[in-house]
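Presented below is the structure to which this report refers.
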Amino acid sequence: ASWAHNLILLHRAQSEPLQHLHMTQEPSVIASPGDNVRMSCTLGGGLTVSSNRVVFYQQAYSSVPRFILYYFTESSKGMGTGVPARFVGSAAGNVGYLSINGVRPEDEGDYYCATWTGRTFDLRPGGTSAPCPRPAHSQEKWRIRPPLFLWHER
1 ASWAHNLILL HRAQSEPLQH LHMTQEPSVI ASPGDNVRMS CTLGGGLTVS
51 SNRVVFYQQA YSSVPRFILY YFTESSKGMG TGVPARFVGS AAGNVGYLSI
101 NGVRPEDEGD YYCATWTGRT FDLRPGGTSA PCPRPAHSQE KWRIRPPLFL
151 WHER
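In this text, residue positions in the sequence shown follow the UniProt record's numbering: the first is 1, and each later residue adds one.
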């Protein structure tokens, strides 16, 4: 099958506790163009999204990481500059979600989630600066890429 027919959603998870913080995610899934996909990022150590936030980044091949969105609560969330509306953040308890409604070929890339410690740092994708949370742990990773190949690495 060609790229025009299939997108593969992959991820790699590494859990390294930082002050009892760990983050996990679900197994990899296969997505086709136009599909709706949802990636989860689970906070451990008694943390909740509403008290710690989750942040999602995308890194396309040969590009710097791009800030996609952060989610704290429904009334406290934000999108990166130029990020399409098909990217949506949500949460339930200690699980943050990044949904892509209608996956497109340009969504190919590695997806990372992070939680913040209350400090900030500047992420400078494409020469712009946006305040982003300083990750306490940022090892979660999903990948959307061709060809027809499903891979799950720990």
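C-beta atoms are modelled at their ideal positions from N, C-alpha and C, and glycine is treated no differently.
For Ile100 and Val64, what's the separation of their Cα atoms in angstroms?
By one-based count along the sequence shown, residue 100 stands at place 100. By one-based count along the sequence shown, residue 64 stands at place 64. If you take the alpha carbons of Ile100 and Val64, they lie about 20 Å apart.
Neighbour-count burial assignment, Arg86, 16 or more Cβ in a 10 Å radius
Reading the sequence shown from its first residue, position 86 is the one you call residue 86. Arg86 should be labelled exposed.
The beta strand (DSSP E) that contains Val49, what's its start and end?
Position 49 of the sequence shown, counted from the first residue, corresponds to residue 49. Premise fails: Val49 lies in the alpha helix (DSSP H), 49-52, not in any beta strand (DSSP E).
Can you tell me the Cβ-Cβ gap for Leu69 and Val83, rounded? I've got them flagged as a contact below 8 Å.
Sequence index remark: in the sequence shown, residue 69 carries index 69 (1-based). Sequence index remark: in the sequence shown, residue 83 carries index 83 (1-based). At roughly 7 Å, the Cβ-Cβ gap stays under 8 Å, so Leu69 and Val83 are in contact.
In this structure, does DSSP put Asp107 in helix, strand or coil?
One-based indexing of the sequence shown puts residue 107 at position 107. Helix at Asp107.
Leaving out five residues before and five after Gln58 in sequence, what residues of the same chain have Cβ atoms less than 6 Å from its Cβ?
In the sequence shown, counting from the first residue as 1, residue 58 sits at position 58. Counting only Cβ-Cβ distances below 6 Å, and skipping sequence neighbours, we find Arg66, Ile68, Gly109, Tyr111.
For Gln59, verify whether its CB is less than 7 Å away from any heavy atom of the ligand HEM.
For the ligand HEM, the structure offers nothing, since it holds no ligand at all.
Can a CB atom of chain D be found closer than 8 Å to the CB of Val54?
Protein chains in the displayed structure number just one, and chain D is not present.
8 Å contact criterion, which Tyr71 and Val54 should meet: CB distance rounded:
Within the sequence shown, the letter at position 71 stands for residue 71. Within the sequence shown, the letter at position 54 stands for residue 54. At roughly 5 Å, the Cβ-Cβ gap stays under 8 Å, so Tyr71 and Val54 are in contact.
Go ahead and label Ala91 buried or exposed: buried means 16 or more other beta carbons lie within 10 angstroms of its beta carbon, across all protein chains shown.
Within the sequence shown, the letter at position 91 stands for residue 91. The residue in question, Ala91, is buried, as its Cβ has 16 or more Cβ neighbours within 10 Å.
Just mark Asn52 as buried or exposed, buried being the case when its beta carbon has 16 or more other beta carbons within 10 Å.
The residue given as residue 52 occupies position 52 in the sequence shown. That one is buried.
Could you check what DSSP says for Asn36 in three-state terms: helix, strand or coil?
Residue 36 sits at position 36 when you count from the first residue of the sequence shown. Here Asn36 sits in strand by DSSP.
Is Ser75 helix, strand or coil when you go by DSSP?
What you label residue 75 is simply residue 75 of the sequence shown in a count that begins at 1. Of the three classes helix, strand and coil, the one that applies to Ser75 here is coil, per DSSP.
Of the residues Gly44, Thr42, Leu98, the one placed nearest residue 236, counting alpha carbons only:
A query on residue 236 cannot be resolved here, the shown segment of the chain reaching from 1 to 154 and no further.
Let's test the definition: count the other Cβ atoms within 10 Å of the Cβ of Thr73 and tell me whether it reaches 16, buried, or not, exposed.
Translated into positions along the sequence shown, residue 73 becomes position 73. Label assigned to Thr73: exposed.
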